[in-house]
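Visitor: Right, I'll just put the structure down here and ask away after.
There are 2 protein chains.
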Amino acid sequence: MRGTLLYGPRDVRVEERPDPKIVEPTDAILRISTTCVCGSDLWPYRGIEPITGPTPMGHEYVGIVEEVGSSVKTIKPGQFVIGSFFASDNTCPICQAGYQSRCIHSQLIGALGAQAQWLRVPLADGTLVATPDIPSDDLIPSLLAASDVLGTGWFGAVAANVGPGKTAVVIGDGAVGLLAVLASKQLGAERIVAISRHAKRQQLAREFGATDIVTERGEAGVEKIKELTDGLGAHSVIEAVGTQESMLQAIRSTRPGGYVGYVGVSHDVKLDGQELFFSEVHLHGGPAPVRRFLPDLIDRIWKGQIHPGKVFDLELPLEQVAEGYRAMDERRAIKALLRP
Amino acid sequence: MRGTLLYGPRDVRVEERPDPKIVEPTDAILRISTTCVCGSDLWPYRGIEPITGPTPMGHEYVGIVEEVGSSVKTIKPGQFVIGSFFASDNTCPICQAGYQSRCIHSQLIGALGAQAQWLRVPLADGTLVATPDIPSDDLIPSLLAASDVLGTGWFGAVAANVGPGKTAVVIGDGAVGLLAVLASKQLGAERIVAISRHAKRQQLAREFGATDIVTERGEAGVEKIKELTDGLGAHSVIEAVGTQESMLQAIRSTRPGGYVGYVGVSHDVKLDGQELFFSEVHLHGGPAPVRRFLPDLIDRIWKGQIHPGKVFDLELPLEQVAEGYRAMDERRAIKALLRP
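So the protein sequences, as listed, match chains A and B.
If you want the working numbering, it's the position in the first sequence, counting the first as 1, plus 2.
If you want the working numbering, it's the position in the second sequence, counting the first as 1, plus 2.
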């Protein structure tokens, strides 16, 4: 099959790779319908996360089940399914508490490489969620978004305790940040502030429900949020970048007793215990347990209540994956959808 | 009046100080019935928190209202009252959300010095809670404990989401940690693990509801908690020390999706963002909003449901305050009660 490998900084290629086969009886093999490039793929692409050799890429996927292992019970060949970036059994105590991203049997889909024609998905019954029927083409980008960026933005909003009457601030205008705006709107936030300096992203933030746009960052961004909230800070702040600056901006924009939901993969962050102690915020985040939210998100997409697929502003054949990475790296595209 | 001043490391004295007077119309003047020495008083006593000159000490108090300012409405002379270490208006949006320790008008009681015969309490209507009647002597130590250490341990347990069916771990066997054990029991935890190497404190932890005692610290302590929880970690961990070691022990002892409530005043703590991200714990803490819990805590004490005053294992006249500090510094006493 054709699949994507990262060879080194800014060197990503589509090559012939071995067709995946059932390895464990709990596996399923998917024919990938669409896949995409994630903001987190840019960390190794930029050389910030080193790699040791050609590395399969991609962890977002929707597709048709082609084959299942002998102990797969609920997932059937022919179903259209969505999974997330962690395979999970969905039965262990951690999964049952809603943290499937930390399932005691979790496996990283990224290591298998979803930017490809085919994908082996471990723990298929726990990992995959089937749509009610084969979706029409117009729904597919939104369903693909549910595989990671929508579920991650949603988790950020849930971790930030977004709800009716609340002011939510979203730091980061990538796909995850923009979909955290959408999630905040769906969860009933009264006021949603998007931090963005990028006209196209500001526009999409407004479409998704942002009531205010703030362009200031760092301490100036904090001051602006204080101004908008009677000097108190926001009830809920979603951090969707992962840097020291954005994390401090998030904590300092939150009122005492408020909530920071952080979903940007943490890179250079060191938090001072004393500042955190006296900030008196709730802090929660990490790799999003997207699986927890998938049934609900699929339902909202299926009913046409939400259109998260709008984050895909570039569509390419899989063979042009390198252009997808380049366009996102240069911030020409918010998110690139790939058709194998 | 007689009041306590810290002159420098391990130099604490009782001296003549000016009698407090009503300064703001929202003030009350209390005749202190009992006060005590706090674990957090030991930071400046040991010279770890520097002071710039003779500093009034003490922030825990119960007493009789002697006089109130002209705009005090609910607190009356003659009432027996309890307040906490922050004065708060109890009406601002932050107070109303339950974070009176971060009231927009908060003032530190410690700066006024409660280890004294008299105390001026700002924002009396918001800060003070009256008992149903003048308490009998045997209730007074427990009511005094509610002023800080009980409320702080309780906040730690609430922040750690302790509840029925949960395993709670308490790191720190000072008065706050021991009362976090009591709080965890009251909040319905199924299993309560106290970390302690000190026979007398272990004994009190068991009296307060600990089901297990662990003596290991650091990584060995983490391993022990994993052993007790099927390798998963605890649902709820209360950190009541404030050092890097105890904070990391708390985070690493918590299962993904679990909760760390931290109430030890953070001193040398630096948290690595990536470890925190992948730990996937909820983190919440800070200066306890004791005022939120006072009515409930007073009620439980009044009804004889809880006996938090057991943490006082040394009683001294105020004039011997220096011995109270020494005994706690040397861990000969858990907590010293002072009678002016």
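Glycine is no exception: its CB is placed at the ideal position from the N, C-alpha and C atoms.
#1: Would you check if there are 3 or more beta carbon pairs closer than 8 Å linking the segment 278-290 of chain B to the segment 277-297 of chain A?
#2: Going along the chain, which residues of the segment 86-114 of chain B sit with their C-beta nearer than 8 Å to a C-beta in chain A?
#3: Distance cutoff 7 Å, beta carbons only. Does residue 285 of chain A sit that close to anything in chain B?
#4: Quick check: the segment 154-168 of chain B against the segment 183-195 of chain B, are at least 3 beta-carbon pairs closer than 8 Å?
#5: Does any CB atom of chain B fall closer than 7 Å to the CB of residue 272 of chain A?
#6: Check distances from the C-beta atoms of the segment 309-330 of chain A to those of chain B and list, in chain order, the residues that come in under 8 Å.
#7: Quick one: which residues of the segment 242-263 of chain A get their C-beta closer than 7 Å to a C-beta of chain B? List them in chain order.
#8: Can a CB atom of chain A be found closer than 7 Å to the CB of residue 157 of chain B?
#9: From the DSSP output, in three-state form, read off residue 116 of chain A for me.
#10: Taking buried to mean at least 16 other C-beta atoms within 10 Å of its own C-beta, is residue 195 of chain B buried or exposed?
#11: Out of A:86, A:142 and A:202, which has the shortest C-alpha to C-alpha gap to residue 109 of chain A?
#12: Would residue 282 of chain A pass as an interface residue toward chain B - the criterion being a Cβ-Cβ separation below 7 Å?
#13: Could you tell me the alpha carbon to alpha carbon distance between residue 37 of chain B and residue 118 of chain B, rounded to whole angstroms?
#14: Give every residue of the same chain whose Cβ lies closer than 7 Å to the Cβ of residue 96 of chain B, excluding the five residues on either side of it in the sequence, and list them in chain order.
#15: Let me confirm a value: residue 138 of chain A is counted as buried when at least 16 other C-beta atoms fall within 10 Å, else exposed. Which label applies?
#16: Jot down the residue ranges of each uninterrupted beta strand (DSSP E) in the segment 25-50 of chain B, minimum 3 residues, whole runs only, in chain order.
#17: Quick one, which residues of the segment 49-76 of chain A are near chain B if we go by CB-CB under 9 Å, in chain order?
#18: Run down chain B in chain order and give the residues with a C-beta less than 9 Å from the C-beta of residue 267 of chain A.
#19: What's the call for residue 231 of chain B, buried or exposed, on a 16-neighbour Cβ count within 10 Å?
#20: Just to confirm my understanding: we take residue 68 of chain B, look at its own chain, exclude 5 residues before and 5 after, and list those with CB closer than 7 Å. What are they?
#21: Report yes if the CB atom of residue 112 of chain A is closer than 7 Å to the CB atom of residue 5 of chain A, and no otherwise.
#22: Would you say the segment 140-156 of chain B touches the segment 175-183 of chain B, given that touching needs at least three Cβ pairs under 8 Å?
#23: Could you check whether the Cβ of residue 179 of chain B sits closer than 7 Å to any Cβ belonging to chain A?
#24: Mind pulling the alpha helix (DSSP H) runs of 4 or more residues that sit fully within the segment 209-290 of chain A?
#25: Can the beta-carbon of residue 273 of chain B be found closer than 7 Å to that of residue 257 of chain B?
#26: Roughly how far, in whole angstroms, is the beta-carbon of residue 1 of chain A from the beta-carbon of residue 321 of chain A, given that I think they are within contact range, below 8 Å?
#27: Taking beta-carbon pairs under 9 Å, can you tell me which members of the segment 188-212 of chain B lie near chain E?
#28: Please list the terminal residues of the continuous beta strand (DSSP E) segment that includes residue 8 of chain A.
#29: Return no unless some Cβ of chain B is closer than 7 Å to the Cβ of residue 288 of chain A.
#30: Name the residue from A:58, A:255 and A:76 whose alpha carbon lies nearest to the alpha carbon of residue 120 of chain A.
#31: Please classify residue 307 of chain B: is it buried, with 16 or more other beta-carbons within 10 angstroms of its beta-carbon, or exposed?
#32: Return the residues of the segment 213-236 of chain B that lie within a Cβ-Cβ distance of less than 7 Å from chain A, sorted by chain order.
#33: Tell whether a beta-carbon distance below 7 Å holds between residue 148 of chain B and residue 84 of chain B.
#34: State yes or no: is the C-beta of residue 144 of chain A within less than 7 Å of the C-beta of residue 309 of chain A?
#35: Helix, strand or coil for residue 157 of chain B? Go by DSSP, reduced to three states.
#36: Residues in its own chain within less than 6 Å of residue 295 of chain B by CB, not counting five upstream and five downstream?
Guide: Let me spell this out:
#1: Yes: the two stretches touch, three or more of their Cβ pairs being nearer than 8 Å.
#2: Listed by position, the residues of the segment 86-114 of chain B near chain A (Cβ gap below 8 Å) are 95, 96, 99, 100, 101, 103, 104 and 106.
#3: Within the first sequence, numbered from 1, the residue matching residue 285 of chain A stands at position 283. Yes - at least one Cβ of chain B is within 7 Å of the one on residue 285 of chain A.
#4: yes
#5: In the first sequence, counting from the first residue as 1, residue 272 of chain A sits at position 270. It does: the Cβ of residue 272 of chain A has a partner Cβ on chain B nearer than 7 Å.
#6: none
#7: 249, 257, 258 and 259
#8: Here residue 157 of chain B refers to the residue found at position 155 when the second sequence is read from its first residue. Output row for residue 157 of chain B: interface = no.
#9: In the first sequence, residue 116 of chain A corresponds to position 114, counting from 1. Reduced to three states, the DSSP call for residue 116 of chain A is coil.
#10: Position 193 of the second sequence, counted from the first residue, corresponds to residue 195 of chain B. Taking all protein chains shown into account, residue 195 of chain B has 16 or more neighbouring C-beta atoms within 10 Å of its C-beta and is therefore buried.
#11: Position 107 of the first sequence holds residue 109 of chain A. Closest in C-alpha terms to residue 109 of chain A, from the list A:86, A:142 and A:202, comes A:86.
#12: What you label residue 282 of chain A is simply residue 280 of the first sequence in a count that begins at 1. For residue 282 of chain A, the answer is yes, since a Cβ of chain B falls inside 7 Å of its Cβ.
#13: Within the second sequence, the letter at position 35 stands for residue 37 of chain B. Within the second sequence, the letter at position 116 stands for residue 118 of chain B. Answer to the nearest angstrom: the Cα atoms are 8 Å apart.
#14: The sequence position of residue 96 of chain B within the second sequence is 94, counting from 1. For residue 96 of chain B, where only same-chain residues beyond five positions count, the Cβ hits under 7 Å are 104, 105 and 106.
#15: Walking along the first sequence from the start, residue 138 of chain A turns up at place 136. Residue 138 of chain A comes out exposed.
#16: 30-38
#17: Cβ contacts with chain B: none found.
#18: Taking the first sequence and counting its residues from 1, one reaches residue 267 of chain A at position 265. Ordered by position in chain B, the residues that pass the 9 Å Cβ test against residue 267 of chain A are 276 and 279.
#19: Position 229 of the second sequence holds residue 231 of chain B. Residue 231 of chain B comes out buried.
#20: Here residue 68 of chain B is taken as the residue at index 66 of the second sequence, counted from 1. These residues qualify, in order along the chain: 31, 32, 33 and 79.
#21: By one-based count along the first sequence, residue 112 of chain A stands at place 110. By one-based count along the first sequence, residue 5 of chain A stands at place 3. No.
#22: Counting Cβ pairs under 8 Å, three or more are found: they touch.
#23: The residue given as residue 179 of chain B occupies position 177 in the second sequence. Not one beta carbon of chain A lies nearer than 7 Å to the beta carbon of residue 179 of chain B.
#24: 220-230, 246-254 and 275-281
#25: Locating residue 273 of chain B in the second sequence gives position 271, where the first residue counts as 1. Locating residue 257 of chain B in the second sequence gives position 255, where the first residue counts as 1. Not in contact: residue 273 of chain B and residue 257 of chain B (Cβ atoms no closer than 7 Å).
#26: As displayed, chain A neither begins before 3 nor continues past 342, which places residue 1 of chain A out of reach and without an answer.
#27: In summary, chain E is missing from the structure at hand, where the protein chains are A and B.
#28: Residue numbering aside, residue 8 of chain A sits at position 6 when the first sequence is read from its first letter. Start and end: 4-10.
#29: Counted from its first residue, the first sequence places residue 288 of chain A at position 286. Judged by the 7 Å Cβ criterion, residue 288 of chain A is in contact with chain B.
#30: The residue you call residue 120 of chain A lines up with position 118 of the first sequence. The candidate whose alpha carbon is nearest that of residue 120 of chain A is A:58.
#31: If you number the second sequence from 1, residue 307 of chain B lands on position 305. Exposed, by the Cβ-count rule.
#32: Result list: 234.
#33: By 1-based counting over the second sequence, the position of residue 148 of chain B is 146. By 1-based counting over the second sequence, the position of residue 84 of chain B is 82. In contact: residue 148 of chain B and residue 84 of chain B (Cβ atoms closer than 7 Å).
#34: Taking the first sequence and counting its residues from 1, the one referred to as residue 144 of chain A is at position 142. Taking the first sequence and counting its residues from 1, the one referred to as residue 309 of chain A is at position 307. Against a cut-off of 7 Å, the Cβ pair of residue 309 of chain A and residue 144 of chain A comes out as a contact.
#35: Looking up residue 157 of chain B in the second sequence gives position 155. Note: residue 157 of chain B maps to helix in three-state DSSP.
#36: Indexing the second sequence from 1 puts residue 295 of chain B at position 293. Answer for residue 295 of chain B: 153 and 156, listed in chain order.
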